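What follows is a set of notes on a single structure, which appears directly below.
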Amino acid sequence: MASGGARFYCMGTGDVTADAERRATFRFAHLADLHIGAWRERPLAEAAVQAFHDAIERCIAEQVDFIVLAGDLFDSPLPGMDFVCATAELLCRVRESGIPIYVTYGSHDYSPTSSSVIDVLEAAGLFSRLPAPETVKTGDGTLFRPRFLVDAATGAKLAGLPGRQRSLEREWYERLDHAYLGGEPGFKVFVFHSAVTEVLPEHERFAESMPLARLPPGFDYYAGGHVHSRVEARSDGGRGIVAYPGPLLGYQYGDLERAAGTPRGFFIVTVDSGEVAGLEFVDVPLPPIVVHSVDAGGLTPGEVNASLDREMEGRDHKGAIVLVRVSGTLASGEPHDVSFGAVRAALEGQGALCARLSRSGLSGPRERRAAIGGGSKEEIEERVLAEYCAGFHPEPSLDDPSLAAELGIFLEGEAGARTARRLLDAVAVEPVEHESLRAFAPRVRERAREVLTGLWEG
Ligand SMILES: [Mn+2]
């Protein structure tokens, strides 16, 4: 890949003595997990770009010497072009300010064939991507050796490994040339996109992670991405500071929920005489986030609706990202009897930036009985479908009552269970490589439509 106009030179193996003139004191910024292009809801997607914009403007105002983006700048290898455009404009501003940016792929925007938006922006000279590791034959067998990039103005040396499909990433770490990486003199930053077990916060413990010892020794700063929490750990055993700034808005409900109680932002690292002298966390303001949580356990849908009304009464939702989580097992009825549509409409009426409703933890009593019944996954699924369709009737409020009756033929009882089975099979498809949500979603809808139109025609 072309390396554009960025201010660095690429070092081959061994020629480590001809360093650029070093600065005794410098500062760099460390961001990760921006996930630009995530979120179906336009206001959220725009807020994510705005947050990135604010972070970048702060980096320019602070006159940092360089910026490290430790993966997942974008939410997919091929995000929507409007988001690519907005991001490119920002990166352009940074380039015009003379601040180099060093980037690694994250697990979301990784491409094994250099066909990610990351490669497009690199080809345009907007940043430098840390190169994939070289394979070298040594006395210890075949090892992987990431090349160093040297920041010309400061002499800082950067090497790293991108996020990648899990097993392939592990292969790199298991056969990393620690002697070569550790032996390189100078101030060194290791840029990576993987979780390290020892530093993971409690709620991220379930995530796949690797031991600290997998990171190469001898670096002054380990600039991490992938862990969606702020982490700063001063490690022992010849490894310096391991840090994750965490996301800004992130890409899933849990990211927003955690952002409600925790400042989001990035690090500015101060280096003095070849050592990290300070680590400052810079807050990036996000829109206000309001969280409502309702326990529906043992309530009727009507009682849950009343409880939702009380919970939201008198709260200011203007301009806010509003998260509503309803969980528990209802005493009667079904999750769809809870008036989520009314909640959403009310919040929009109050000028909320967007409303996200989580009902994944909400179930009806019927589902609970079926689950207790046991059997294989398929048997439980069949039973749930049969039980549900036995009591299902299309909405009586449809404009055309004869249509409701006609729909019932396909949706009630045994026929309903068959229809549901066919629909589930039709939509159980995976995105193909590099397929964006924008392409994937219509493809799934089209498959579902074929099943439904087939009912009428068949
Ligand atoms: Mn991420």
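In my numbering, the protein residues as written are 920 to 1377.
Ideal Cβ placement from N, Cα and C applies to all residues, glycine included.
Note that the structure is predicted; figures quoted are calculated from it, not measured.
- Going along the chain, which residues of its own chain have a beta-carbon closer than 7 Å to the beta-carbon of G1101, five neighbours each way excluded? If you number the sequence shown from 1, residue 1101 lands on position 182. So the list reads P1135, P1136, G1137, once near-sequence residues are dropped.
- Message: Just to be sure I understand the criterion: a residue counts if its Cβ is closer than 5 Å to at least one heavy atom of ligand 1. Which residues meet that?
- Response: D952, D991
- Task: May I have the straight-line CA-CA distance separating L1010 from F1046, to the nearest angstrom?
- Result: Here residue 1010 refers to the residue found at position 91 of the sequence shown. Here residue 1046 refers to the residue found at position 127 of the sequence shown. Cα to Cα, the separation comes out at about 8 Å.
- Item | For R1341 and E1331, the rounded distance between their alpha carbons | Position 412 of the sequence shown, counted from the start, is the residue given in the question as residue 1331. Position 422 of the sequence shown, counted from the start, is the residue given in the question as residue 1341. Computed Cα separation, rounded: 14 Å.
- In the region 1112-1150, which residue ranges form an unbroken beta strand (DSSP E) of at least 3 residues, counting only runs that do not cross its ends? 1140-1143
- Candidates A1098, E1103, R1094, of which the one nearest F1067 by Cα: As a first step, residue 1067 is located in the sequence shown; it is residue number 148 there, counting from the start. Cα-wise, what sits closest to F1067 is E1103.
- Do the region 972-983 and the region 1036-1046 meet, that is, are 3 or more Cβ pairs less than 8 Å apart? Flag = no, the region 972-983 and the region 1036-1046 do not touch.
- Could you name the residues of the same chain whose beta carbon sits closer than 6 Å to that of S1226, not counting the 5 residues immediately before and after it, in chain order? Counted from its first residue, the sequence shown places residue 1226 at position 307. Correct list, in chain order: V1213.
- Who does S1277 pair with in a DSSP beta bridge? Your numbering for residue 1277 matches position 358 in the sequence shown. R1244.
- Query: When we look at the beta-carbon of H1122 and count the other beta-carbons within 10 Å, is it buried (16 or more) or exposed?
  - Reply: Indexing the sequence shown from 1 puts residue 1122 at position 203. That one is exposed.
- Query: Assuming K1107 and K1076 make a contact with CB atoms under 8 Å, what is their CB distance in whole Å?
  - Reply: Looking up residue 1107 in the sequence shown gives position 188. Looking up residue 1076 in the sequence shown gives position 157. 5 Å between Cβ atoms; contact.
- Query: Which residues mark the beginning and the end of the alpha helix (DSSP H) in which K1296 is found?
  - Reply: As a working note, residue 1296 is residue 377 in the sequence shown. Taken as a continuous stretch (DSSP letters only), the alpha helix (DSSP H) holding K1296 covers 1296-1309.
- Message: Would A1072 and F945 be called neighbours here (beta carbons separated by less than 9 Å)?
- Response: Locating residue 1072 in the sequence shown gives position 153, where the first residue counts as 1. Locating residue 945 in the sequence shown gives position 26, where the first residue counts as 1. Result yes, Cβ atoms of A1072 and F945 sit closer than 9 Å.
- Taking the alpha carbon of I1208 as the point to measure from, which residue in F1311, R977, A1179, F1109 has its own alpha carbon closest? As a first step, residue 1208 is located in the sequence shown; it is residue number 289 there, counting from the start. With distances taken between Cα atoms, I1208 lies closest to A1179.
- Item | CA nearest to the CA of P1081, picked from G1017, A1261, G990 | Taking the first residue of the sequence shown as position 1, residue 1081 is located at position 162. The residue with the shortest Cα to Cα distance from P1081 is G990.
- Contacting residues, own chain, Cβ-Cβ under 8 Å from E1194 (five flanking each side not counted): For the purposes of this step, residue 1194 is identified with residue 275 of the sequence shown, where counting begins at 1. Within the same chain, E1194 has close Cβ partners F1106, D1139.
- Message: Pull the bridge partners of D1191 from the DSSP assignment, please.
- Response: For this step, residue 1191 is matched to residue 272 along the sequence shown. DSSP output for D1191 lists T944, E1194 as bridge partner(s).
- Message: Comparing C-alpha positions only, which one of L1168, S1113, A1114 sits nearest to A957?
- Response: Your numbering for residue 957 matches position 38 in the sequence shown. The shortest Cα separation from A957 among L1168, S1113, A1114 belongs to L1168.
- Can the beta-carbon of A1265 be found less than 9 Å from the beta-carbon of M1231? Mapped onto the sequence shown, residue 1265 falls at position 346. Mapped onto the sequence shown, residue 1231 falls at position 312. It is a contact, given that the beta carbons lie within the stated cut-off.
- Query: Hey, out of R1364, P1164, A1132, whose CA is closest to E1093's CA?
  - Reply: Taking the first residue of the sequence shown as position 1, residue 1093 is located at position 174. Closest by alpha carbon: A1132.
- Task: State yes or no: is the C-beta of F1186 within less than 9 Å of the C-beta of P1164?
- Result: Looking up residue 1186 in the sequence shown gives position 267. Looking up residue 1164 in the sequence shown gives position 245. The beta carbons of F1186 and P1164 sit closer together than 9 Å.
- Query: Does the Cβ of C929 have 16 or more other Cβ atoms within 10 Å, making it buried, or fewer, making it exposed?
  - Reply: On the sequence shown, residue 929 is found 10 positions in, with the first residue counted as 1. With a pLDDT of 38 at C929, under the threshold of 50, the predicted position of this residue should be treated as unreliable, though the coordinate-derived value follows. Label assigned to C929: exposed.
- Determine the extent of the alpha helix (DSSP H) in which H1211 is found, giving its start and end residues. Sequence index remark: in the sequence shown, residue 1211 carries index 292 (1-based). No alpha helix (DSSP H) holds H1211; the beta strand (DSSP E) holding it covers 1208-1214.
- Message: Quick check on this structure: which residue in H1097, H1145, V1110, L1095 has the alpha carbon closest to the alpha carbon of L1119?
- Response: In the sequence shown, the residue the question calls residue 1119 occupies position 200. Ranked by how close their Cα comes to the Cα of L1119, the residues H1097, H1145, V1110, L1095 have H1145 in first place.
- Could you check which residue in M1129, T1372, G1074 has the C-alpha nearest to that of F1329? Counting from one through the sequence shown, the residue named residue 1329 turns up at place 410. Out of M1129, T1372, G1074, T1372 has the C-alpha closest to the C-alpha of F1329.
- Can you have a look at T1054 and say buried or exposed, based on whether 16 or more other CB atoms are within 10 angstroms of its CB? Indexing the sequence shown from 1 puts residue 1054 at position 135. Exposed is the call here.
- Close Cβ partners of S922 (< 7 Å) along its chain, the five nearest in sequence each way excluded: In the sequence shown, the residue the question calls residue 922 occupies position 3. With a pLDDT of 39 at S922, under the threshold of 50, the modelled position of that residue is not reliable, and no figure is offered here.
- Using a threshold of 9 Å, state whether the C-beta atoms of G1217 and V1201 are closer than that. Locating residue 1217 in the sequence shown gives position 298, counting from the first residue. Locating residue 1201 in the sequence shown gives position 282, counting from the first residue. Taking C-beta atoms as the reference points, G1217 and V1201 fail to come closer than 9 Å.
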